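There are 2 protein chains.
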Amino acid sequence: MTDIVFSERGDKDTVETGDLLMPKYDADGLIVAVVTDHVSGEVLMVGYMNAEALRRTIETGEAWYWSRSRKGFWKKGETSGQVQTVHEILTDCDQDALVLKVSVAGNGATCHVGYRSCFFRKVTSPASGTARLERVEAERVYDPNEVYGKH
Amino acid sequence: MTDIVFSERGDKDTVETGDLLMPKYDADGLIVAVVTDHVSGEVLMVGYMNAEALRRTIETGEAWYWSRSRKGFWKKGETSGQVQTVHEILTDCDQDALVLKVSVAGNGATCHVGYRSCFFRKVTSPASGTARLERVEAERVYDPNEVYGKH
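Chains as they are written, first to last, in UniProt numbering: chain A, 1 to 151; chain B, 1 to 151.
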């Protein structure tokens, strides 16, 4: 546990325009964090934090998340080296979402599939019928099969 | 209902690297949507969509959400005029998050508090103690009290 304290939720005005961080967690105690590249602004990934992950992130300056699938703390980059140094954390009007502006260490990729951003596909827009995806990032930064073996 | 069809979830490889849109909804049937400015890349807001809101967004090219507080469909800008024209929709590796690249009509603000972005405050970083917020957007686009009266 760290020493950083978040304030209890206040009234609407205090939450929306005040100067105290009063995070609103969902039923699972999590808040969504949108991670962007500090320089380009590109959205790299979306993660989730509980209060302690947010405290660790603020205290250490490196991004910690709560893994919903593994149900445990997850320091991004601990195995991959893709550690996120956090330059700025923003919150929105109702304080139920965060934006983290980061720079990525290691090979510079964020996605475990090998791309710079997890958002490497766009929806193509048919008038009707099956919605399809198309890659917007042409090249992967690395091939995870070569680095980690088939998974 | 529209005619656009989303595919059933497939195996890990199909979801993560395939070319079919297979959205993963949470327990409430929602998927998170990160909304960015089409030109600057700035994160403007975070919203939630159910399958039908996503279909309407793809079909009409304007952003529809599901309001968790009002439990109903919400076409952004219907009352404020801050309609979002959607230029691109991205999805991430596990297809449980979306990025919408939009341009904003009306007065160009997205936040109901009057700012261009809902993320108009940053967390200041104490070593310990109470986490505080500081405005990063100096000027509001408009004063909602003047437009809509006190609320």
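Think of the CB as a built atom: it goes at the ideal place given N, C-alpha and C, for glycine as much as any other residue. The model shown is predicted, which means the values in this text are computed figures rather than measured ones.
- Look at the region 125-150 of chain A: the residues with a C-beta under 9 Å from a C-beta of chain B are S125, P126, A127, S128, G129, T130, A131, R132, L133, E134, R135, V136.
- The contact set of B:K24 on chain A, defined by CB atoms closer than 9 Å, is empty, because the minimum CB distance reaches about 11 Å.
- Around the beta-carbon of A:Y115, 16 or more other beta-carbon atoms lie within 10 Å, marking it buried.
- Look at B:D3: its C-beta is under 8 Å from a C-beta on chain A.
- Relative to B:H87, the option among B:G108, B:D28, B:S80, B:K101 whose CA is nearest is B:K101.
- Within the region 39-54 of chain B, the residues whose Cβ lies closer than 8 Å to any Cβ of chain A are, in chain order, S40, G41, E42, V43, M45, V46.
- Rounded to the nearest whole angstrom, the C-alpha separation of B:V34 and B:L54 is 13 Å.
- Per DSSP, B:L21 has no beta-bridge partner at all.
- Residues of the region 76-100 of chain A that bring their beta carbon within less than 7 Å of a beta carbon in chain B comprise E88, I89, L90, T91, D92, C93, A97, V99, in sequence order.
- Under the DSSP assignment, A:V147 falls in the alpha helix (DSSP H) whose first and last residues are 144-148.
- Between A:V141 and A:R121, the CB-CB gap reaches or exceeds 8 Å.
- Counting along the chain, B:L54 sits inside the alpha helix (DSSP H) bounded by residues 51-60.
- Put simply, the backbone Cα of A:R56 is about 42 Å away from that of B:T60.
- Its chain contains Y48 as the residues whose beta carbon lies nearer than 7 Å to that of B:R68, once the 5 sequence neighbours on both sides are disregarded; these appear in chain order.
- Straight through space, the alpha carbons of B:I4 and B:A131 are spaced by roughly 45 Å.
- For B:K122, the chain A residues whose Cβ falls inside 7 Å of its Cβ are E88, I89, L90, in order along the chain.
- With respect to the 8 Å criterion, B:L90 and B:V99 are classified as neighbours on the basis of their beta carbons.
- Chain-ordered, the chain A residues with CB closer than 9 Å to the CB of B:L20 read T130, A131, R132, L133.
- Within its own chain, the residues whose Cβ lies closer than 6 Å to the Cβ of A:M45, once the five positions on either side in sequence are excluded, are V35, T110, C118, listed in chain order.
- Between B:K76 and B:Q82, the C-beta spacing is below 8 Å.
- Residues of the region 6-18 of chain A with a Cβ closer than 8 Å to any Cβ of chain B, in chain order: F6, S7, E16, T17, G18.
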